[in-house]
Amino acid sequence: MTESEWLACTDPKPMLEFLDRHDLLDDRRQRLFDCACVRRAWHLLLDQRGENAVEIAEKYADGLAHIAELRDAQADAFAAAQQVPGTPNSYTVLAAAAGAAWEFRSGVDPVKQAAEAIAWEGLTEKGTPARRIAKVKLAEERAVQAGLLRDIFVNPFHQMILDPTWLTPDMIDLARMIYDKRSFDQMPQLADALEAVGCTKELLTHCRGQGQHVRGCFVVDLVSGKEGYQERLDGVIAKIVVGGMCHTSPSREPIPIWVVQSRKGSDFTYRHT
Ligand SMILES: [Zn+2]
Numbered sequence: 001m002t003e004s005e006w007l008a009c010t011d012p013k014p015m016l017e018f019l020d021r022h023d024l025l026d027d028r029r030q031r032l033f034d035c036a037c038v039r040r041a042w043h044l045l046l047d048q049r050g051e052n053a054v055e056i057a058e059k060y061a062d063g064l065a066h067i068a069e070l071r072d073a074q075a076d077a078f079a080a081a082q083q084v085p086g087t088p089n090s091y092t093v094l095a096a097a098a099g100a101a102w103e104f105r106s107g108v109d110p111v112k113q114a115a116e117a118i119a120w121e122g123l124t125e126k127g128t129p130a131r132r133i134a135k136v137k138l139a140e141e142r143a144v145q146a147g148l149l150r151d152i153f154v155n156p157f158h159q160m161i162l163d164p165t166w167l168t169p170d171m172i173d174l175a176r177m178i179y180d181k182r183s184f185d186q187m188p189q190l191a192d193a194l195e196a197v198g199c200t201k202e203l204l205t206h207c208r209g210q211g212q213h214v215r216g217c218f219v220v221d222l223v224s225g226k227e228g229y230q231e232r233l234d235g236v237i238a239k240i241v242v243g244g245m246c247h248t249s250p251s252r253e254p255i256p257i258w259v260v261q262s263r264k265g266s267d268f269t270y271r272h273t
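When we follow my numbering, the leftmost residue of the sequence shown carries the number 1, and every step to the right adds one.
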């Protein structure tokens, strides 16, 4: 996959495979992406157990829920999927919610299930005309999902850099509030705060653009300190980076890192010292 293909891609599957192949697919952000996709089908969840599975999965992503809670939430949502009668997609959407509460990412694909649930919304017949409509809606939803993936994983061919001297306590509080309350309508205010301290245009463009922002949005993560690697020079944080060269530390804490990078075609080489 090339950079232009990444930016234009309308299917999250090859994008996820690309990230995985390059060891850029960390559990936290994949979880948040799965949850964001299922949240788009929130109105189709006919049972509280489905909502609970997604909420627990999001907490688990940030280290705020125990693995036992995750397992219970998934089992409850799967049970609900078997029990809830209703539209043809009522099983699919609950299975998607259960799938989002994964311990290991295998089995049910919550991203695919969520897209299918949305594609079949309002369609009750399984005849040819309905299948045709569902096919078009499925492609549209997969394209939306690809956009969400770019919100979270940004552009793996390009690093986004945040100068730590730009960060102010108010700005960090704003980013954390946006994340906690999902008030992504306040992204333009975050852009204003970043612009006032001389932030680069590409971060501002992201905040002010038309694309949807979700938990895991790379700008919110960078500013709030949830993601990104700190590069240190002589013990001083020189810059905070997210992008192709960044791995997420298992402890979810930014780790001191000095990245040496080079790029050959679509392959990256790097080393940490
Ligand atoms: Zn965003």
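C-beta atoms are modelled at their ideal positions from N, C-alpha and C, and glycine is treated no differently.
Handout entry: Proximity test, Val219 beta-carbon vs ligand 1 heavy atom, cut-off 7 Å
Key = yes
Problem - Phe78 versus Lys59, Ile67, Gly63 and Ala101, residue with shortest Cα-Cα distance - result: Ala101
Handout entry: Own chain partners of Ala119 with C-beta closer than 7 Å, once the 5 adjacent residues on each side are dropped
Key = Ala134, Lys137, Leu138 and Glu141
Problem - Secondary structure of Leu32, DSSP reduced to three states - result: helix
Handout entry: Inter-stretch contact (C-beta, 8 Å, three-pair minimum) for the stretch 33-45 and the stretch 1-10
Key = no
Handout entry: Rounded straight-line distance, which links the Cα of Gln212 to that of Cys37
Key = 12 Å
Problem - Cα-Cα separation, Ala175 to Asp221 - result: 8 Å
Practice task
From the DSSP output, in three-state form, read off Glu17 for me.
Solution key: helix
Handout entry: Whole-angstrom C-beta distance between Ala114 and Ala96, which should lie under 8 Å
Key = 4 Å
Handout entry: Candidates Gly216, Ala81 and Thr205, of which the one nearest Leu25 by Cα
Key = Gly216
Practice task
Specify the secondary structure class of Leu44 as computed by DSSP and reduced to three states.
Solution key: helix
Practice task
Classify His66 as buried or exposed, calling it buried when 16 or more other Cβ atoms lie within 10 Å of its own Cβ.
Solution key: exposed
Practice task
Can you give me the start and stop residues for the alpha helix (DSSP H) that Val84 sits inside?
Solution key: Note, Val84: premise wrong, no alpha helix (DSSP H); not H, not E.
Practice task
With a threshold of 16 other CB atoms inside 10 Å of the CB of Gln210, please say whether the residue is buried or exposed.
Solution key: exposed
Exercise for the section: Flag this pair as yes or no: are the beta carbons of Ile178 and Met171 separated by less than 8 Å? Expected result: no
Handout entry: As assigned by DSSP and simplified to three states, the class of Pro188
Key = helix
Handout entry: Pair within 8 Å by beta-carbon distance, Val281 and Leu94
Key = Because residue 281 is not part of the residues shown, which for the chain are 1 to 273, the question remains open.
Exercise for the section: In the DSSP assignment, find the alpha helix (DSSP H) that holds Gly127 and state where it starts and stops. Expected result: Note, Gly127: premise wrong, no alpha helix (DSSP H); not H, not E.
Practice task
Mark Glu58 as exposed unless 16 or more other C-beta atoms lie within 10 angstroms of its C-beta, in which case mark it buried.
Solution key: buried
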